[in-house]
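Protein chains in written order, with this note's numbering: chain A, -18 to 175; chain B, -18 to 175. Backbone N, C-alpha and C fix where the C-beta goes; we use that ideal spot for every residue, glycine too.
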DNA sequence: CCTACCGATCGGTAGG
DNA sequence: CCTACCGATCGGTAGG
């Protein structure tokens, strides 16, 4: 019981931070706010974390990792590009759904990371985007997709996926498979040759 | 010459703020940073503005106004829903293109507005979104668009429009009509019946 | 538009 | 995990 019910302090700090950063933004959330939410003194936070930015770092890179993990099956698959793309979209939506608060922080506050971590973050994100670029490129070469600008399309695709965190409430029972399916349908229809 | 070359201080402050808020976010930009950029003492800012939030207020509501102005022709038009939607999209993209910095602030930092202005902002935004909802609803009833969830579709639509500010550089000569056309093509193709 | 300055709050440390 | 506290910085005002 202890293990599942009593979260360790560090987890507790991170989860409270995810929620507060999402609500007010990283810069506008103070360590005092955060400590108060947890019910300890501000200075006590530093027994568990090194700095405010470390929390942001933890959140951003954990989500990045989730994205890579979730898309792994797709990258090794040999299916056609449209099927792969749909699967990649559903995976992406699933990560957002399962980490709505953390994703919001990842999405909105990553720029408050400082170097060298910032560059690391940016290149991880680019790497992830490249997986999608690759799928689209492949579909283009196979003639499955109409001619289009890949970079532009990928960014449009992500932008229509990434707002979804507004939609998912922790209590919500919306189905990522359904939403991802609808979304990729809406997108693929405009992208499929015929 | 004086009128066009020498901007009054208030304009200068607002423009510098748009750029800095966009770059670092509203909360992370200090009035001292802002004053330094302009080359005056921090206290001197207050001869021209009442508060930091007033600047944010000015930016956000000016952009809101631009959006309403730009879509006016569309709302009074009697064309079919798909044509109206495309025009609305192009107008929207045009506003973003002509106000990239200010739009970024409008889009990312509106939540730092405080009441009662915050509620006013939210309802203005809803009103604008309702114009798009209306067009889609109409196209739905006319059978031009496939059956779909209007609210979901409008949000997806906006999300794929609103990331465009990352794209537009002040020096850039990208054509909003082209981009808006492409985008609405990509979207409409998935939305048109057949 | 400046000098001088306010009280509040910031992230964080020392030392226990 | 707390008390006590640091220097830095915040938005903003008084008064000229």
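Same chain, Cβ closer than 8 Å to residue i, five either side skipped, listed in chain order
i	result
residue 175 (chain A)	In this prediction, residue 175 (chain A) scores a pLDDT of 45, lower than 50, which makes its location untrustworthy; the coordinate-derived value is nonetheless stated afterwards. Excluding positions up to five away in sequence, the list is empty.
residue 102 (chain A)	41, 42, 45, 91 and 94
residue 69 (chain A)	52, 55, 112, 113 and 116
residue -18 (chain A)	Its pLDDT being 41, under 50, residue -18 (chain A) is placed unreliably in this model, and the value from its coordinates should be taken loosely. There are no such residues.
residue 13 (chain B)	23
residue 171 (chain B)	Low local confidence applies: a pLDDT of 48 at residue 171 (chain B) is under 50, so the model's placement there is unreliable, and no value is given.
residue 131 (chain B)	114, 117, 118 and 121
residue 60 (chain B)	68
Limits of the unbroken alpha helix (DSSP H) element including residue i
i	result
residue 117 (chain A)	98 to 122
residue 155 (chain B)	First-last for residue 155 (chain B): undefined, no H or E at that position.
residue 80 (chain B)	Where residue 80 (chain B) is concerned, there is no enclosing alpha helix (DSSP H), given that its DSSP letter is neither H nor E.
residue 142 (chain B)	131 to 143
residue 51 (chain A)	33 to 56
residue 15 (chain A)	12 to 19
residue 3 (chain A)	-10 to 5
Residue closest to residue i, alpha-carbon to alpha-carbon, out of the options
i	options	result
residue 88 (chain B)	A:28, A:11 and A:144	A:144
residue 154 (chain A)	A:32, A:34 and A:75	A:75
residue -12 (chain A)	A:19, A:68 and A:6	A:19
residue 136 (chain A)	A:111, A:37 and A:163	A:111
residue 16 (chain B)	B:38, B:39, B:5 and B:-10	B:-10
residue -7 (chain A)	A:21, A:7, A:131 and A:138	A:21
residue 96 (chain B)	B:50, B:121, B:34 and B:82	B:34
residue 104 (chain A)	A:25, A:49 and A:31	A:49
residue 126 (chain B)	B:58, B:66, B:5 and B:152	B:66
residue 29 (chain B)	B:100, B:80 and B:-5	B:-5
residue 7 (chain A)	A:25, A:27 and A:32	A:32
residue 128 (chain B)	A:4, A:80 and A:167	A:167
residue 80 (chain B)	B:26, B:152 and B:57	B:152
residue 161 (chain B)	B:64, B:47, B:26 and B:36	B:64
Beta-carbon proximity list for residue i, same chain, < 6 Å, skipping 5 on both sides
i	result
residue 77 (chain B)	84, 145 and 146
residue 10 (chain A)	1 and 2
For residue j and residue i, believed in contact at Cβ under 8 Å, the rounded distance
i	j	result
residue 158 (chain B)	residue 71 (chain B)	6 Å
residue 141 (chain B)	residue 140 (chain A)	5 Å
Contact set for residue i: own chain, Cβ-Cβ below 7 Å, skip 5 residues either direction
i	result
residue 119 (chain B)	62
residue 98 (chain A)	38
residue -1 (chain B)	40, 82, 83 and 86
residue 138 (chain A)	113 and 168
residue -3 (chain B)	15, 18 and 19
residue 5 (chain B)	none
Proximity test, residue i beta-carbon vs the ligand GDP heavy atom, cut-off 7 Å
i	result
residue 12 (chain B)	In the structure on display, the ligand GDP does not appear, and there are no ligands present to speak of.
Scan the segment 129 to 153 of chain A for residues whose Cβ lies nearer than 9 Å to a Cβ of chain B and list them as they occur along the chain.
-> Listed by position along the chain: 129, 130, 133, 134, 136, 137, 138, 139, 140, 141, 142, 143, 144, 145, 147 and 148.
Got a sec: which bits of the segment 89 to 114 of chain B sit with their beta carbon under 9 Å from any beta carbon on chain A, in order along the chain?
-> Under the 9 Å Cβ criterion, the segment 89 to 114 of chain B contributes 89, 90, 92 and 93.
Chain A contacts from the segment 6 to 25 of chain B (Cβ-Cβ distance under 7 Å) | Hits within the stretch, in order: 6, 8 and 9.
According to a CB-to-CB cut-off of less than 8 Å, which residues of the segment 158 to 171 of chain B neighbour chain A?
-> Listed in chain order, the positions of the segment 158 to 171 of chain B with a beta carbon within less than 8 Å of a beta carbon of chain A are 163, 164, 166, 167, 168, 169, 170 and 171.
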